[in-house]
Amino acid sequence: MAPACPGQPARLCCSQRQARRQAESRFALQFGVKVVAVDAQLSVFYEDSVHFDRDLVEFGTQGGVHVHKDGLTVTSPVLMWVQALDIILEKMKASGFDFSQVLALSGAGQQHGSVYWKTGAGQVLTRLSPDLPLREQLQACFSISDCPVWMDSSTAAQCRQLEAAVGGARALSRLTGSRAYERFTGNQIAKIYQQNPEAYSHTERISLVSSFAASLFLGSYSPVDYSDGSGMNLLQIQDKVWSQACLGACAPRLEEKLGRPVPSCSVVGAISSYFVQRYGFPPGCKVVAFTGDNPASLAGMRLEEGDIAVSLGTSDTLFLWLQDPTPALEGHIFCNPVDPQHYMALLCFKNGSLMREKIRDESASGSWSEFSKALQSTEMGNGGNLGFYFDVMEITPEIIGRHRFSAENHEVSAFPRDVEIRALIEGQFMAKKIHAEALGYRVMPKTKILATGGASHNRDMLQVLADVFGAPVYVIDTANSACVGSAYRAFHGLAAGTDVPFAEIVKLAPNPRSVATPTPGASQVYEALLQRYAMLEQRLLSQTRGPPE
């Protein structure tokens, strides 16, 4: 069999062999949310799901979380996650799913969330009775019953303390791949240590959501993998060891509670006898390290060196494959989940589809067809007119408002409608390229851009994307990409991981479809425009917060 992955909070994925009907199939399961099984041709043949709010109403969550009275603290009940795994496996068993053919499993969990195992819990994991569900046996195993998750923003004080301890935000980003973020695990651990020292002292192990789910399958504590561990503000991403300075700034004895991190393609052990006896997994079923949902999505989208994925949704997100990263104050650098010698980066842009829809309504009578006609009727480079459209405070960069500039770099109050539309789309894509390059990304001759999300259906928008980046654009079905990516990763781990290129494992997967190639002459047009856009962005930034560091 293959992989398991925790996601939302966790996805589990596994690859398996099924005689007769599907020789060598893989199965992916979203922990608490969805299970997907994939056959030898990488086609989905089984799906099921558990919905936290609907199927586990006794926990009283909304969107799988509890938002506390301060509006900043956001947690999920750890036993809800445990029970979700019980439910999904029982549903699979009732459906006749043949667990005996599973050769390996892996998974992907929501990033940054953490689980706190009480002293003695490790012994309980090794002695689970196959006659009882997991929840009944693990009820007393957690020192913190409601776990901080990625939506939490209550650790501003701890973030400042961590940055101060290592010499500032930029020093922390060079060390760990990101400046201090409130959702990042190290800062959450520091808050728990400061506000609940008794619970911390009774904690023998701290897991990420991903390694927590892997631990359930192992029947012992699973190590944190390099890629998900990169989202903690604790891992030195170059050396792939815990930073002693960061650990010391967060809490005492933290290294022993975290354990040693491992490469994301590692086989961390064989499946627990609990699952062998209760569900019929084979004793030799291997557990491949679980990772975070974003790294697993990179695997599911099958990015290779030099590739970039652009998710065009409510927020726009860039996934980058990097060889030589340059950590910055914006974005995140993680260890690569499928190649431990390389890296991945994430960049998030808050003004995404809602901003595009506003300009569509204002300048194209609410019609995407008219919007596309405007892109078709205006020239590349838009006559030198550039625009910044941030109706809500942007993340990358931290600017708000609409700012339009003529070809002479004079700020103007308005553009003609067609110019406005092209200025929006060119500006959004130029910002993405500029900030990707700031993290060390470079377009290569073999670069592919994978476009996903709602706007990826607009071919004229994707043509601008191809022109700005100077690379062909493809579209791919990325439904369940983290789950499917974990199934791929399970096979990769089973095939000896680093000794076999990941691309070799996924060569049977459906190929992406080419939808746009750069227009001849585009690189010359945008080379100068990109420099101007970056200069004007810095001008706007200096007006709002003073000169850059």
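Residues in the sequence shown are numbered consecutively from -9, following the numbering used here. Where is the CB? At the ideal position from N, CA and C, for every residue including glycine.
The Cβ-Cβ distance between residue 247 and residue 196 falls below 8 Å. In the DSSP secondary-structure assignment, residue 259 is bridged to 277. Between the stretch 200 to 211 and the stretch 98 to 118, the count of C-beta pairs closer than 8 Å reaches three or more; the two stretches touch. Taking a cut-off of 8 Å for Cβ pairs, the stretch 67 to 77 and the stretch 247 to 256 do not touch, as fewer than three such pairs fall below it.
In the DSSP assignment, residue 392 forms a beta bridge with 379.
Residue range 193 to 198 is occupied by the beta strand (DSSP E) that includes residue 196, with no alpha helix (DSSP H) assigned at that position.
Contact between residue 393 and residue 320 does not hold, since the beta-carbon distance rounds to 19 Å and is not under 8 Å. Taking every protein chain shown into account, the CB of residue 351 has fewer than 16 other CB atoms within 10 angstroms, so this residue is exposed.
Burial state of residue 501 is exposed, judged by a 10 Å Cβ sphere holding fewer than 16 other Cβ atoms. Here the stretch 390 to 408 does not lie against the stretch 265 to 276, with fewer than 3 beta-carbon pairs under 8 Å apart. For residue 171, the three-state secondary structure derived from DSSP is coil. Three or more Cβ pairs closer than 8 Å define a contact, and the stretch 148 to 165 falls short of that threshold against the stretch 209 to 216. Cα atoms of residue 510 and residue 369: separation of roughly 13 Å, rounded to the nearest angstrom.
Contact check between the stretch 451 to 459 and the stretch 482 to 499: fewer than three CB pairs, one atom from each, fall below 8 Å, which does not count as touching.
If you draw a straight line from the Cα of residue 24 to the Cα of residue 75, it is about 10 Å long. Among the bridge pairs identified by DSSP, residue 464 is matched with 440 and 504. Between the alpha carbons of residue 223 and residue 211 lies a distance of about 21 Å. Assigned with DSSP and collapsed to three states, residue 373 falls in helix. Residue range 104 to 108 is occupied by the beta strand (DSSP E) that includes residue 108.
Taken atom to atom, the span from the alpha-carbon of residue 439 to that of residue 184 is near 44 Å. CA-to-CA, the gap between residue 524 and residue 118 works out to about 58 Å. If you draw a 10 Å sphere on the C-beta of residue 482, you find 16 or more other C-beta atoms in it, and that means buried. Between residue 225 and the set 279, 274, 325 and 147, the nearest pair of CA atoms involves 325. Here residue 71 carries a helix assignment [DSSP, helix/strand/coil]. Listed in chain order, the alpha helix (DSSP H) runs fully inside the stretch 123 to 158 are 124 to 128 and 146 to 156, counting runs of at least 4 residues. Cβ atoms of residue 444 and residue 303 come within 8 Å of each other, at about 6 Å.
Of the other Cβ atoms in all chains shown, fewer than 16 fall within 10 Å of the Cβ of residue 514; this residue is therefore exposed.
By the CB criterion at 8 Å, residue 479 and residue 335 fall outside the cutoff. Per DSSP, the continuous alpha helix (DSSP H) segment holding residue 459 begins and ends at 449 to 459.
The DSSP-derived three-state label of residue 114 is helix.
A direct Cα-Cα distance of roughly 13 Å separates residue 428 from residue 313. Residue nearest to residue 412 within the set 385, 400 and 455 is 455 (criterion: CA-CA distance).
Contact annotation: residue 78 and residue 40 have beta-carbon atoms nearer than 8 Å.
Contact between the stretch 116 to 133 and the stretch 52 to 66 is absent: fewer than three C-beta pairs spanning the two stretches fall below 8 Å. Counting the other CB atoms within 10 Å of its CB gives residue 453 a total of 16 or more, which places it among the buried residues.
For residue 319, the secondary structure class from DSSP, reduced to helix, strand or coil, is coil.
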